[in-house]
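Chains R and E, in that order, are what the protein sequence lines are. 1 is the number of the first residue of the first sequence in this note's numbering; add one for each residue after it. 1 is the number of the first residue of the second sequence in this note's numbering; add one for each residue after it. For each residue, glycine too, the CB sits at the ideal point set by N, CA and C.
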Amino acid sequence: EPEVTQTPSHQVTQMGQEVILRCVPISNHLYFYWYRQILGQKVEFLVSFYNNEISEKSEIFDDQFSVERPDGSNFTLKIRSTKLEDSAMYFCASSESGFRTEAFFGQGTRLTVV
Amino acid sequence: DAKTTQPTSMDCAEGRAANLPCNHSTISGNEYVYWYRQIHSQGPQYIIHGLKNNETNEMASLIITEDRKSSTLILPHATLRDTAVYYCIVFEGDSWGKLQFGAGTQVVVTP
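Quick look at the structure:
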């Protein structure tokens with residue numbers, strides 16, 4: 001069964017450093033997403049991406065964050081100058097379309113900012 | 001703001017049916033009801049979705065009331081592996097895939 005793959009599974013970084021979280025969506029999917037979940041809290045939408053541009057983003061997704069699809073398979077989330085409050089589980093997801101189709105989530109990257 | 005209301009938690013005996021209620025009284029005509037679950041901080045997993053008709057797949061059944069203001073997810077024969085947080089999400093079909101997760105229902109399946 002096809003799956004969304006995320007690397008690394010756990011990343012520890014120092015406050016102020018930049019991190020890149022990587023995702024390989026399902027190959028025939030066209031829509032890509034990042035969500036995050038702070039420990040003990042709800043899963044929060046960050047951004048959706050289609051046709052090489054951001055379709056929608058939440059208030060959380062400020063200038064500190066950026067997304068990119070550098071090649072035909074990878075989808076990345078970059079966090080510049082990480083803060084302690086960026087510590088969370090980050091989930092990548094993909095879907096065939098943005099309309100009424102199921103989203104497949106990866107297993108997540110646990111980001112710890114120290 | 002949450003568009004759905006779910007019980008915080010519920011227990012279910014292994015092998016029995018689990019019936020998970022969800023209220024979505026402000027649902028609009030073009031909004032679908034989606035169910036996802038999250039097993040112990042893993043990535044959310046899609047279960048089922050529907051607009052107004054009842055739906056069934058290999059995982060579960062979804063019963064939507066005629067007025068669409070509430071729905072019930074049915075896990076026909078709960079197993080220990082069904083222990084998870086279950087999210088009922090109202091999703092506008094024309095949005096860019098943005099799922100708004102609430103707190104969900106923590107379901108514990110006991111032997």
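Determine the extent of the beta strand (DSSP E) in which residue i is found, giving its start and end residues.
i	result
R:Lys57	53-57
R:Ser66	65-68
E:Glu31	31-38
E:Gln6	First-last for E:Gln6: undefined, no H or E at that position.
R:Arg100	Unbroken run through R:Arg100: none, as it is neither H nor E.
E:Ser70	70-75
E:Ala84	84-92
E:His24	Premise fails: E:His24 is in no beta strand (DSSP E) and is neither H nor E.
E:Thr110	105-110
R:Lys78	75-79
E:Ile64	61-64
R:Val4	Unbroken run through R:Val4: none, as it is neither H nor E.
E:Arg16	Taken as a continuous stretch (DSSP letters only), E:Arg16 belongs to no beta strand (DSSP E), as it is neither H nor E.
R:Leu111	109-113
E:Gln45	45-50
R:Gln11	10-13
In chain E, what lies closer than 7 angstroms to residue i by C-beta?
i	result
R:Ala103	Tyr46, Gly97, Leu99
R:Phe45	Lys98, Leu99, Gln100
Who are the Cβ neighbours of residue i in its own chain at under 7 angstroms, not counting the five residues just before and after it?
i	result
E:Asn19	Thr72, Ile74
E:Thr79	Glu14, Val109
R:Pro70	Thr76
R:Ser73	Val24
E:Asp181	With chain E covering only 1 through 111, there is no way to say anything about residue 181 of chain E.
List, in chain order, every chain R residue whose beta-carbon is nearer than 9 angstroms to that of residue i.
i	result
E:Ser61	In chain order: nothing, as chain R lies at least about 16 angstroms away.
E:Tyr32	Arg100
Short of 6 angstroms in beta carbon distance, which residues of its chain neighbour residue i, apart from the five on each side in sequence? Order them along the chain.
i	result
E:Pro21	Thr72
R:Arg110	His10, Met89
E:Asn54	Ile63
E:Glu31	Val90, Glu92
Could you list which residues in chain R have their beta carbon closer than 8 angstroms to that of residue i, in chain order?
i	result
E:Ala103	Lys42
Check the Cβ of residue i against every Cβ in chain R and list those closer than 7 angstroms, keeping chain order.
i	result
E:Ser41	Met89
Interface residues of chain E around residue i at Cβ under 9 angstroms?
i	result
R:Gly108	Ser41, Gln42, Gly43
R:Glu18	Here the premise fails: no neighbours, minimum Cβ distance about 24 angstroms.
Near residue i, what residues of its chain come up, given a Cβ to Cβ distance below 8 angstroms and the 5 sequence neighbours on each side ignored?
i	result
R:Ser97	Leu30, Tyr31
R:Tyr117	Absent from the model: residue 117 of chain R. The displayed extent of chain R is 1 to 114, so no value can be given.
R:Gly106	Glu3, Val4, Thr5, Gln6, Cys23, Phe91, Cys92, Ala93
R:Glu18	Lys78, Ile79, Arg80, Ser81, Thr82
Just to make sure I have the definition right: I need the residues of chain E whose C-beta is within less than 8 angstroms of the C-beta of residue i. Which are they?
i	result
R:Ser95	Gly97
Establish whether the CB of residue i and some CB of chain C are separated by less than 8 angstroms.
i	result
R:Ser48	The displayed structure is made up of protein chains R and E, and chain C is not among them.
Any alpha helix (DSSP H) of 4 or more consecutive residues that is wholly inside the region 24-54 of chain R: none
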